[in-house]
Amino acid sequence: MPKISVITACYNHGIYLDDAYESINLAKYVDVFEHIVVNDGSTDRFTLDKLNELESKGVVVVHQKNQGLAVARNVGIAHANGEFILPLDSDNKIIPEVFLEALKVLETNRHLDVVHTYANFFGNKLGVWNPGKFSMSRMLFENHIDACALIRRSALEKVGLYSTDMPAMGHEDWELWIKIGKQGQFQLIEKPGFYYRVLENSMVNTVSSPNVQKTLDYILKKHQTIFLEEYKKLYYNNIKYDNLIKFNEIRLSNAKKNRLRTIAKILIGRPV
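With our numbering applied, the sequence shown covers 8 to 279.
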């Protein structure tokens, strides 16, 4: 029985699937990893043929109509046998030896729920990305942890997996980390555990401003209490509200700014 289930959601990304699959090295680590690819309604012939090819190599391929990333990952988790879940985007690659280290960390530290790592950029950008240790305060204004992290399955199930009611595509991981971070604990392995492919049309670069606004509003509303609790802590440490939220970067509406200031004033007991 594999311990780690690698979950890859795929929509017309067959051109990259070999890289993702080969990086896991199932032939060597068959007792540790399984690879589940959820075909999220792909229409590209090359992708469909590649999925059939990977299935013949032992990859578990699940087909569904196009329902988006969150649903696809949840479906993958439902088909998983592992105690630990490792989301892997179809255009990225893992370094399995590092996630074997992460596995040992989670197996020997039952209080931990997530182990994340540095990343190597490749493609249109080179370098090493250090996400830093998990910080709920930092999560107030940016998601600083990639989806490719080893997660205890029970922690995912405890928070209801990925939220499928977000109003637009994007920030699924950010919202998940906030949910887990309310109760769970994270640990950082200070070395790259995966390769992050930077493309000209990467999802993170192509999510439109209206959709960014919709998902941010959703996250702020859903997790308003924790946002304000963290803001209160930071405020008392003399961190200014405008710098904390980075209004210009996330483009909150004036009404939203004023509403949050009003609520923050009630919690903190002074103007902000």
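Built from N, CA and C at the ideal position, the CB exists for glycine as well.
None of the values given here were measured: they were computed from a predicted structure.
Identify the continuous alpha helix (DSSP H) that holds residue i and give its terminal residues.
i, result
"Lys111", "Pro103 to Thr115"
"Val78", "Leu76 to Ala85"
"Gly21", "Gly21 to Ile31"
Going by Cα to Cα distance, which pick from the options is closest to residue i?
i, options, result
"Tyr18", "Asp51, Trp136 and Asp25", "Asp51"
"Cys155", "Trp181, Glu149 and Gly167", "Trp181"
"His20", "Leu163, Gln220 and Arg204", "Arg204"
"Gln161", "Leu119, Leu133, Glu108 and Lys198", "Note that residue 161 corresponds to Ser in the displayed sequence, not to Gln. Cα-wise, what sits closest to Ser161 is Leu119."
"Val44", "Gly139, His86 and Glu236", "His86"
"Thr115", "Ile22, Gln194, Phe141 and Glu62", "Gln194"
"Val157", "Val66, Lys111, Gln231 and Val82", "In the sequence as displayed, the identity of residue 157 is Leu instead of Val. Nearest of Val66, Lys111, Gln231 and Val82 to Leu157, Cα basis: Lys111."
"Asp38", "Glu237, Asp47, Gly134 and Gly65", "Gly65"
"Gly139", "Ser49, Val67, Lys198 and Val69", "Lys198"
"Val67", "Ser12, Gly75 and Phe106", "Ser12"
"Glu90", "Ile196, Ala34, Met8 and Glu149", "Met8"
"Ala79", "Ile196, Asn46 and Ala34", "Asn46"
"Ile84", "Glu149, Val122, Leu235 and Ala16", "Ala16"
Let me know the secondary structure DSSP gives residue i once reduced to three states.
i, result
"Tyr125", "strand"
"Gln190", "coil"
"Asp47", "strand"
"Tyr36", "coil"
"Glu149", "coil"
"Glu62", "helix"
"Phe141", "coil"
"Lys221", "helix"
"Leu55", "helix"
"Leu133", "coil"
"Gly235", "First, the amino acid is wrong: residue 235 is Leu here, not Gly. Residue state, collapsed to three classes: helix."
"Asn88", "coil"
"Leu119", "coil"
"Leu195", "strand"
Between which two residues does the beta strand (DSSP E) harbouring residue i extend?
i, result
"Thr15", "Ile11 to Cys17"
"Val93", "The residue asked about is misnamed: residue 93 is Leu in this sequence, not Val. Taken as a continuous stretch (DSSP letters only), the beta strand (DSSP E) holding Leu93 covers Phe91 to Pro94."
"Val69", "Val67 to Gln71"
Between the alpha carbons of residue i and residue j, how many angstroms are there, rounded?
i, j, result
"Phe53", "Leu206", "20 angstroms"
"Lys239", "Met173", "26 angstroms"
"Phe201", "Leu93", "11 angstroms"
"Asn218", "Gly177", "8 angstroms"
"Ile101", "Asn59", "22 angstroms"
"Phe128", "Trp136", "7 angstroms"
"Gly130", "Asn99", "10 angstroms"
"Met146", "Ala77", "19 angstroms"
"Glu179", "Glu41", "23 angstroms"
"Lys57", "Leu24", "8 angstroms"
"Glu108", "His151", "21 angstroms"
"Ile233", "Lys189", "8 angstroms"
"Glu62", "Ile14", "14 angstroms"
"Ser30", "Leu95", "10 angstroms"
"Thr222", "Gly75", "14 angstroms"
"Asn255", "Asn88", "Low confidence applies here, because Asn255 scores a pLDDT of 42, under 50, leaving its location unreliable and the question unanswered by this model."
"Leu33", "Asp26", "13 angstroms"
"Gln192", "His230", "18 angstroms"
"Ile22", "Ser97", "9 angstroms"
### Query
Which runs of the alpha helix (DSSP H), 4 residues or longer, sit entirely within the stretch 152-186?
160-165
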